[in-house]
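Undergrad: Here it is: the structure, laid out below.
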Amino acid sequence: MHGQDARATTAASAHNSGMIRSNLTMISLILATTMTAAAIAEEPPTADIFLSPDGRDTWSGTLPDRNSDLTDGPLATLAAAHDAVRKLRAAEPARKTPVIVMLRQGRYELDQTLELGRQDSGTAQSPTIYCPWPQDKVRISGGRIVGGWTVDPRGWWQTRLPEVAEGRWAFMQLFVDGQRRFRPRLPGKGFYLIERTLKETPAAAGKGYDRFGFAVGDIKADWANRGDIEVIVFHSWTTSRLHIAAVEGNAVTFTGPTAIQEWWMSLQANRRYLVENVKEALGKRGQWYLDRPSGVLTYVPMDGETPQRSCVIAPRLKQLMRLDDVEHVQFEGLTFEHADWSLEPQGRSVIQAEVPYPAAIMAVGIRDCLFNRCVFQHVGEYALELGLGCKNNRIVDCEVIDTGAGAIKIGSYGDADTLHGTKAQLSDETVASHNVLSNCLLAQGGRVHPGAVGLWVGHAHHNTLENNEIYDHYYSGVNLGWSGTYGPHFGHHNDFAFNLVHKIGQNLLNDMGGVYTRGISPGTTIRNNVIRDVMGYRHGAGAVYTDQATTDVVIENNLLVDNFEGGHRHHFGKNIVFRNNIVAMGRRGQMFHQLKEDYKAVEYTHNIFYWKDAPLLIGEWGGRQDFDYNCYWQVGGEPNFAGMTFAQWQAAGRDAHSIIADPLFVDADKGDFNLKENSPALKIGFKPFAYSAAGRTRGRRGSDLLSVTPAYLGQPHP
Numbered sequence: 009m010h011g012q013d014a015r016a017t018t019a020a021s022a023h024n025s026g027m028i029r030s031n032l033t034m035i036s037l038i039l040a041t042t043m044t045a046a047a048i049a050e051e052p053p054t055a056d057i058f059l060s061p062d063g064r065d066t067w068s069g070t071l072p073d074r075n076s077d078l079t080d081g082p083l084a085t086l087a088a089a090h091d092a093v094r095k096l097r098a099a100e101p102a103r104k105t106p107v108i109v110m111l112r113q114g115r116y117e118l119d120q121t122l123e124l125g126r127q128d129s130g131t132a133q134s135p136t137i138y139c140p141w142p143q144d145k146v147r148i149s150g151g152r153i154v155g156g157w158t159v160d161p162r163g164w165w166q167t168r169l170p171e172v173a174e175g176r177w178a179f180m181q182l183f184v185d186g187q188r189r190f191r192p193r194l195p196g197k198g199f200y201l202i203e204r205t206l207k208e209t210p211a212a213a214g215k216g217y218d219r220f221g222f223a224v225g226d227i228k229a230d231w232a233n234r235g236d237i238e239v240i241v242f243h244s245w246t247t248s249r250l251h252i253a254a255v256e257g258n259a260v261t262f263t264g265p266t267a268i269q270e271w272w273m274s275l276q277a278n279r280r281y282l283v284e285n286v287k288e289a290l291g292k293r294g295q296w297y298l299d300r301p302s303g304v305l306t307y308v309p310m311d312g313e314t315p316q317r318s319c320v321i322a323p324r325l326k327q328l329m330r331l332d333d334v335e336h337v338q339f340e341g342l343t344f345e346h347a348d349w350s351l352e353p354q355g356r357s358v359i360q361a362e363v364p365y366p367a368a369i370m371a372v373g374i375r376d377c378l379f380n381r382c383v384f385q386h387v388g389e390y391a392l393e394l395g396l397g398c399k400n401n402r403i404v405d406c407e408v409i410d411t412g413a414g415a416i417k418i419g420s421y422g423d424a425d426t427l428h429g430t431k432a433q434l435s436d437e438t439v440a441s442h443n444v445l446s447n448c449l450l451a452q453g454g455r456v457h458p459g460a461v462g463l464w465v466g467h468a469h470h471n472t473l474e475n476n477e478i479y480d481h482y483y484s485g486v487n488l489g490w491s492g493t494y495g496p497h498f499g500h501h502n503d504f505a506f507n508l509v510h511k512i513g514q515n516l517l518n519d520m521g522g523v524y525t526r527g528i529s530p531g532t533t534i535r536n537n538v539i540r541d542v543m544g545y546r547h548g549a550g551a552v553y554t555d556q557a558t559t560d561v562v563i564e565n566n567l568l569v570d571n572f573e574g575g576h577r578h579h580f581g582k583n584i585v586f587r588n589n590i591v592a593m594g595r596r597g598q599m600f601h602q603l604k605e606d607y608k609a610v611e612y613t614h615n616i617f618y619w620k621d622a623p624l625l626i627g628e629w630g631g632r633q634d635f636d637y638n639c640y641w642q643v644g645g646e647p648n649f650a651g652m653t654f655a656q657w658q659a660a661g662r663d664a665h666s667i668i669a670d671p672l673f674v675d676a677d678k679g680d681f682n683l684k685e686n687s688p689a690l691k692i693g694f695k696p697f698a699y700s701a702a703g704r705t706r707g708r709r710g711s712d713l714l715s716v717t718p719a720y721l722g723q724p725h726p
């Protein structure tokens with residue numbers, strides 16, 4: 009159904025993607041041949057450098073196993089392997105074959121962030137490849153295994169960590185047997201509500217908001233280690249994490265303001281908040297508390313967990329790896345995990361999408377690099393970022409699971425950023441471009457910072473984002489573009505195609521989309537996707553949300569079903585094409601329009617709109633939007649067009665060739681939106697598309713994951 013046209017991208021993107029695919033194919037063949045030959049001959053695979061948890065950094069690293077007299081064998085650490093690659097490259101500058109670093113099974117604990125620079129680069133003919141021994145599972149961790157447990161009469165585990173007591177280590181996360189565990193939060197279920205709006209203190213005047221009034225008993229002045237307690241406030245589309253400075257009566261004052269004095273970041277009455285890391289609230293299974301003054305870690309185990317059998321890991325590093333000005337380096341089949349985050353003494357309030365939060369793996373100015381079949385999990389902020397100057401890179405068949413913020417960022421968000429140590433003004437040449445994200449799973453994000461997005465693409469162009477599944481996030485699933493005005497914008501020609509986006513928002517925040525866009529974005533397309541189950545707290549949650557100044561974006565061939573505000577929410581922008589989509593079963597409405605614009609905003613043509621109880625159009629529809637060749641059907645009702653009958657709507661100059669008719673889906677109630685052969689929608693030019701092609705083509709799906717989401721982060725609609 010798709011044809012070549014449906015998958016076409018720009019010539020430049022196709023050319024660069026083709027080059028990287030060729031390199032990937034070459035490397036895969038080399039590795040496959042080596043591994044197959046090894047299996048037949050029962051000899052070890054060929055590699056230049058071997059690593060093993062049982063190795064030693066004083067050995068050569070040229071042997072896969074230690075020899076019998078313990079005089080030589082594999083290296084032990086990635087830092088030593090990194091040094092060995094540099095020496096090999098310096099000795100063989102004209103090398104024409106890959107440099108392969110092969111890791112034996114096990115866990116590799118990083119003492120410090122692994123930094124790769126220009127000296128670590130390979131070439132198109134000789135890339136550097138980090139990969140596991142065939143069939144081995146390799147984990148690269150920024151955490152430390154915690155032991156020395158004692159069990160108290162309640163069955164709670166305790167251990168004392170001297171480094172914590174001495175102020176040399178403090179961690180914000182804990183993982184037990186591969187699952188995230190949470191610090192105690194109040195209330196135990198649901199949220200508190202700010203009771204009174206209070207004027208900010210003189211110290212915060214003009215800077216933000218730093219106090220509010222609370223209901224009796226919600227916050228207590230005598231809580232232990234008050235400086236470690238965090239108050240998490242849920243604004244409209246952002247959150248704040250604030251430290252308590254003082255509690256006087258039923259008023260709380262924080263150590264710093266919310267960083268900006270705007271309504272959408274205010275501490276006004278009836279906004280929801282949680283109180284986290286309260287020692288006195290510890291008690292639920294799976295909770296933990298770190299008493300920093302004493303260094304004592306307490307954990308309330310889940311059923312079946314024992315100190316002898318369970319593996320408890322606390323992160324030590326915030327960043328696992330940084331790549332700067334690197335070319336032709338590839339990571340195959342590795343797991344990167346256990347990166348932490350921290351909260352400044354003044355607290356933190358961040359802008360939309362929590363975008364200032366950094367990534368566990370940060371790349372700047374890298375080119376022609378590859379992450380293939382890798383897993384990124386259990387991190388405190390974003391997992392992977394392709395920042396300024398990152399071009400022609402590929403992230404393929406990867407899984408990003410259980411992140412504190414979002415999964416992946418591509419591009420820049422400020423007016424200038426740092427490239428190779430100096431400030432660089434944003435331009436098409438300096439921003440990230442021509443990268444590929446394909447067949448990846450981005451799931452279970454926002455576990456600490458819920459305002460983050462699954463996939464964030466800002467000032468970045470000609471990126472291909474295809475056949476991914478984005479699942480279980482608390483704010484937008486995807487962000488495309490970053491300018492909120494009609495000014496210069498470098499987020500353009502990005503192709504978001506054949507993706508499955510679902511379980512987004514979860515009734516926690518407002519003003520979001522399954523795919524959310526901003527800025528002038530010529531060449532950007534949102535096509536052949538399935539976007540469903542996007543749910544906001546009170547408002548602003550559509551399958552596709554074209555927000556501030558979105559311009560020249562094409563939205564076509566998408567199945568947009570069962571979303572809070574339907575298939576399309578539009579704020580303001582120009583020349584948006586919305587065609588050949590199926591919009592079905594919006595909860596509050598099928599489409600939302602916010603402003604009355606005096607210019608052409610959106611062209612709606614050849615779409616199918618199918619709904620039951622909620623209205624077709626909500627919001628302001630007095631501006632210029634062109635409607636024609638659409639099929640409308642309200643099950644068991646008569647469609648209403650923004651207060652008009654269909655005849656009145658047509659008399660106003662819209663939908664001259666559209667019809668009101670049952671599109672004859674095979675079985676909409678059971679989720680089958682394929683058309684029967686005699687569908688009247690075919691007569692108005694609707695072209696069927698195979699929406700089942702959306703999502704991953706190989707690998708597990710998001711619904712296969714064991715959710716670790718606590719119930720108190722989502723709630724029913726008010």
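The sequence shown begins at 9 in the numbering used here and counts up by one. Glycine included, every Cβ here is placed at the ideal spot set by N, Cα and C.
In chain order, which continuous runs of the alpha helix (DSSP H) of length 4 or greater are located wholly inside the stretch 633-677?
TA: 654-659
Undergrad: For ALA350 and LEU392, I'd like the C-alpha separation in whole angstroms.
TA: Reading off the sequence shown, one finds Ser at residue 350, where the question assumed Ala. Their backbone Cα atoms lie some 18 Å apart in a straight line.
Undergrad: On the DSSP bridge assignment, give the partners of THR247 in chain order.
TA: PHE242
Undergrad: TRP464 bridges to which residues according to DSSP?
TA: As computed with DSSP, TRP464 is found in a beta bridge with LYS417 and ASN487.
Undergrad: With which residues is ALA371 paired in a DSSP beta bridge?
TA: LEU331 and LEU394
Undergrad: Taking 6 Å as the limit between beta carbons, can you name the residues of its chain near TYR553, skipping five residues before and five after?
TA: GLY521, TYR524 and ARG577
Undergrad: Measuring straight from C-alpha to C-alpha, what distance separates ALA198 and GLY150?
TA: First, the amino acid is wrong: residue 198 is Gly here, not Ala. About 33 Å.
Undergrad: For the putative contact between ASN566 and ILE534, defined by C-beta atoms under 8 Å, what is the C-beta separation to the nearest angstrom?
TA: 7 Å
Undergrad: Quick one: grab the DSSP three-state call for LYS287.
TA: helix
Undergrad: Would THR559 and LYS582 be called neighbours here (beta carbons separated by less than 8 Å)?
TA: yes
Undergrad: Mapping the DSSP letters down to three states, classify MET593 as helix, strand or coil.
TA: coil
Undergrad: In terms of residue numbering, what span does the alpha helix (DSSP H) encompassing LEU96 cover?
TA: Taken as a continuous stretch (DSSP letters only), the alpha helix (DSSP H) holding LEU96 covers 86-99.
Undergrad: Using C-beta distances below 8 Å, list every residue in its chain close to TRP245, excluding the 5 sequence neighbours before and after it, in chain order.
TA: TRP272, GLN360, GLY459, TYR483, LEU517, ASN518, ASP519, MET520 and GLY548
Undergrad: Reducing DSSP to helix, strand and coil, say where TYR699 ends up.
TA: helix
Undergrad: Pull the bridge partners of ARG535 from the DSSP assignment, please.
TA: ALA505 and GLU564
Undergrad: Do HIS497 and ILE528 have their C-beta atoms closer together than 8 Å?
TA: yes
Undergrad: Have a look at the DSSP bridge pairing and note the partners of THR705.
TA: DSSP lists no beta-bridge partner residue for THR705.
Undergrad: Cβ atoms of ALA701 and PHE506: under 8 Å apart, would you say?
TA: Yes, these two residues count as a Cβ contact at 8 Å.
Undergrad: Whole angstroms are fine: how far does the CA of GLY575 sit from the CA of ASN589?
TA: 9 Å
Undergrad: Under the DSSP definition of a beta bridge, which residues are partnered with THR105?
TA: Under DSSP, THR105 forms no beta bridge with any residue.
Undergrad: In chain order, what residues of the same chain have a beta carbon less than 7 Å from the beta carbon of ALA87, not counting five sequence neighbours either side?
TA: LEU122
Undergrad: From ASN447 to ILE418, what does the alpha carbon distance come to, in whole angstroms?
TA: 16 Å
Undergrad: How many angstroms separate the CA atom of PRO101 from the CA atom of HIS601?
TA: 59 Å
Undergrad: So for LEU325, helix, strand or coil by DSSP?
TA: coil
Undergrad: Do you know how far the Cα of ALA592 is from the Cα of ALA689?
TA: Taking the straight line joining both Cα atoms gives about 14 Å.
Undergrad: Between which residues of its own chain and VAL320 is the CB-CB distance below 6 Å, once the five residues before and five after are set aside?
TA: VAL154 and VAL184
Undergrad: Restricting to Cα atoms, I'd like to know which of ASP218, VAL283, ILE227 and SER134 is closest to ARG191.
TA: Of all alpha-carbon atoms in ASP218, VAL283, ILE227 and SER134, the one lying nearest the alpha-carbon of ARG191 is that of VAL283.
Undergrad: Between which residues of its own chain and GLY302 is the CB-CB distance below 8 Å, once the five residues before and five after are set aside?
TA: First, the residue type needs correcting, since residue 302 is Ser and not Gly in the sequence shown. Listed in chain order, the non-local C-beta contacts of SER302 below 8 Å within the same chain comprise ARG168 and ALA173, local neighbours out to five positions each way being set aside.
Undergrad: What first and last residue would you give for the beta strand (DSSP E) that runs through VAL383?
TA: Run containing VAL383: 383-387, per the beta strand (DSSP E) assignment.
Undergrad: Near TYR116, which residues of its chain fall below 8 Å by C-beta distance, leaving aside the five closest residues on each side in sequence?
TA: LEU59, PRO61, THR85, LEU86, VAL146, ARG147, ILE148 and SER149
Undergrad: Return the first residue and the last residue of the beta strand (DSSP E) that PRO140 is part of.
TA: 136-140
Undergrad: For ASP541, which three-state DSSP category applies?
TA: strand
Undergrad: How many Å lie between ALA211 and ARG188 at the Cα?
TA: 38 Å
Undergrad: I need the boundaries of the beta strand (DSSP E) containing VAL408, first residue and last residue.
TA: Bounds of the beta strand (DSSP E) holding VAL408 are 407-411.
Undergrad: Are the beta-carbon atoms of ARG587 and PHE572 separated by less than 8 Å?
TA: In this structure, ARG587 sits away from PHE572, with a CB-CB distance that is not shorter than 8 Å.
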